[in-house]
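Read through the structure below, which is laid out as structure tokens, and then see the notes.
There are 2 protein chains.
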Amino acid sequence: MNEHTVKSYEEELKLLDRRIAQMGGYAEKLLVQAMDALERRDPKLAETAVSSDAMLDQLEREVQEQVILMIARRQPLANDLRHIMTVLKIAGDLERIGDLAKNIAKRALAVATESYPKPLMTGMRHMTEMVQAQLKDVLDALTTLDADKAMKVWLSDEQVDAMYNSLFRELLTYMMEDPRNIGLCTHFLFGAKNIERIGDHTTNIAENIHYLVHGVPIADDRPKGDRTSSTLITPRQ
Amino acid sequence: MNEHTVKSYEEELKLLDRRIAQMGGYAEKLLVQAMDALERRDPKLAETAVSSDAMLDQLEREVQEQVILMIARRQPLANDLRHIMTVLKIAGDLERIGDLAKNIAKRALAVATESYPKPLMTGMRHMTEMVQAQLKDVLDALTTLDADKAMKVWLSDEQVDAMYNSLFRELLTYMMEDPRNIGLCTHFLFGAKNIERIGDHTTNIAENIHYLVHGVPIADDRPKGDRTSSTLITPRQ
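Respectively, the protein sequence lines represent chains A and B.
According to this note's numbering, the first sequence is numbered sequentially starting from 130.
According to this note's numbering, the second sequence is numbered sequentially starting from 130.
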């Protein structure tokens with residue numbers, strides 16, 4: 130392989146990184162917009178978020194196509210292939226984060242004319258800020274290939290799960306107290322679940338960064354904290 | 130490329146197909162087990178379903194590794210690459226179907242000692258049977274590369290969404306009628322959403338079969354029928 134080919138391959142890798150960074154930026158922005166729309170009951174902002182998810186889908190398709198052309202042209206060896214396929218997985222997680230944020234924006238539209246209990250929104254806001262910070266950190270870790278930073282994100286997902294558990298219980302309590310809260314709280318239930326899933330995708334990205342840097346997967350199973358699937362909550366006696 | 134290489138490549142493709150077919154079989158079985166466990170309140174069956182999801186994860190990892198080695202060894206051209214990458218995507222959808230079914234099994238464990246209103250289970254059963262039939266059809270279409278059959282699955286997802294909408298409303302009505310139903314119905318809400326998402330992954334597989342056969346994506350956007358994110362349901366006046 131001559132120097133020119135090597136350089137071009139690296140340039141292609143850089144273009145791939147730029148596209149992933151761009152996807153990360155869009156995913157972050159979409160999440161902020163969706164939650165702001167929910168908090169401020171701003172249907173216009175919600176609509177902006179819903180429609181801008183298409184950009185992420187488009188970028189993911191571009192990444193997929195670039196990866197196929199890179200592989201076909203460069204015929205990389207197994208290790209380089211693993212690297213490229215890992216980047217492709219990261220693109221997939223970012224696209225899913227966009228989908229989940231878009232779904233929150235749709236819910237923001239559905240409840241835009243409602244007034245809702247302040248503590249509920251505080252819980253949602255708190256959880257979202259934590260996931261936003263993790264998404265920011267994981268995107269920084271991706272740019273700088275900082276496996277330690279990625280590992281911190283990976284470990285902190287348990288806190289998001291804990292927050293989700295407590296918000297889940299709070300939401301069910303509201304529903305049990307007054308049936309008029311049920312329609313609204315169901316949107317918050319699914320919205321909170323979406324945030325928790327965005328946290329999971331952020332954790333996937335952290336795992337993939339670890340793999341990119343060290344060439345091996347994270348050995349331990351991630352500590353999982355979402356207990357809402359395995360618990361039955363009953364009204365207070 | 131000599132005849133021997135061509136033959137080996139085709140053998141590798143066949144092995145890949147076999148692994149995908151095996152994943153499909155596991156995914157189907159897991160969904161049946163999870164729903165049976167929920168319906169019969171059978172914690173043992175639920176535990177079987179929860180633990181057998183690991184097989185699907187393992188198979189997906191094997192598929193990923195095989196794909197990387199195939200590409201590295203065979204250096205396929207762009208069209209063959211697109212084929213292999215599409216098969217990889219199908220493996221990803223099957224793995225997600227397994228995850229979603231496993232989550233239903235966890236919920237079956239959580240509510241195993243509850244008695245639940247019969248119409249609720251009828252609605253869940255009805256919706257699941259439809260998704261099971263679609264999953265079966267899409268796996269058949271994959272084995273025989275039958276794009277028309279895949280297209281039928283793709284078009285029928287709208288009916289699953291319609292069923293989900295009506296089950297969703299029914300569940301909220303139960304919750305509004307008696308707060309003691311809320312804990313149980315929340316599990317059913319998320320369970321029904323999981324079935325609806327399994328339907329979406331089945332549809333993704335159908336799209337990928339279309340691509341495998343015709344080499345182009347399905348032109349139209351799929352008709353989407355899940356309106357629960359954009360509707361607010363209030364108690365009956």
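C-beta: ideal position from N, C-alpha, C; glycine also.
Just so it is clear, the structure is predicted and the values come from calculations on it, not from any experiment.
- Query: Three or more C-beta pairs closer than 8 angstroms, one from the region 181–189 of chain B and one from the region 215–228 of chain B: is that the case here?
  - Reply: yes
- Message: Mapping the DSSP letters down to three states, classify Tyr-293/B as helix, strand or coil.
- Response: helix
- Query: Counting pairs of Cβ atoms below 8 angstroms between the region 265–283 of chain A and the region 332–344 of chain A, do you hit three or more?
  - Reply: yes
- Query: Tyr-245/B lies in the alpha helix (DSSP H); which residues open and close that run?
  - Reply: No alpha helix (DSSP H) holds Tyr-245/B; DSSP gives it neither H nor E.
- Query: Mapping DSSP to helix, strand and coil, what is Thr-331/A?
  - Reply: helix
- chain A contacts from the region 228–253 of chain B (Cβ-Cβ distance under 8 angstroms): Asn-232, Lys-235, Arg-236, Leu-238, Ala-239, Val-240 and Glu-243
- List the residues of chain A whose Cβ lies closer than 8 angstroms to the Cβ of Ile-197/B, in chain order. Ala-207, Leu-210, Arg-211 and Met-214
- Task: Quick one: give me the first and last residue of the alpha helix (DSSP H) that Asp-307/A is part of.
- Result: From DSSP, Asp-307/A is part of no alpha helix (DSSP H); its letter is neither H nor E.
- Please compile the residues from chain B whose C-beta is within a distance smaller than 7 angstroms of the C-beta of Met-305/A. Pro-308 and Ile-311
- Whose CA, out of Val-342/B, Leu-144/B and Met-304/B, lies closest to the CA of Met-280/B? Val-342/B
- Message: Quick check on Arg-203/A: buried or exposed, where buried means 16 or more other Cβ atoms within 10 Å of its Cβ?
- Response: buried
- Item | Same chain only: Cβ atoms within 8 angstroms of Arg-254/A, ignoring 5 sequence neighbours per side | Met-164 and Glu-168
- Query: Closest Cβ-Cβ distance between Ile-149/A and chain B: below 8 angstroms?
  - Reply: no
- Query: Do the CB positions of Thr-79/B and Ile-200/B come within less than 8 angstroms of each other?
  - Reply: Residue 79/B cannot be examined here, being either before or after the span of chain B that is shown, 130 to 366.
- Task: Provide the residue span of the alpha helix (DSSP H) that contains Gly-354/B, from first to last.
- Result: It is not in any alpha helix (DSSP H) - Gly-354/B carries neither H nor E in the DSSP assignment.
- Message: Can you confirm whether the region 141–158 of chain A touches the region 232–247 of chain A when touching is taken to mean that 3 or more C-beta pairs between the two stretches lie within less than 8 angstroms?
- Response: no
- Item | Residues in the region 162–177 of chain B having any Cβ partner in chain A nearer than 9 angstroms | none
- Collapsed DSSP secondary structure at Gln-195/A in the structure displayed: helix
- Within the same chain, show all residues whose beta-carbon is closer than 7 angstroms to that of His-212/A, passing over the 5 residues directly before and after it, in chain order. Leu-341
- Does Ser-285/B have its Cβ less than 8 angstroms from a Cβ in chain A? no
- Message: Against Ala-348/A, what residues of chain B qualify as contacts under a CB-to-CB distance less than 9 angstroms, listed in chain order?
- Response: In chain order: nothing, as chain B lies at least about 15 angstroms away.
- Item | Start and end residues, alpha helix (DSSP H) containing Leu-217/A | 207–239
- Query: Among Asp-355/B, Val-260/B, Gln-151/B and Ser-295/B, which residue has its Cα nearest to the Cα of Glu-189/B?
  - Reply: Gln-151/B
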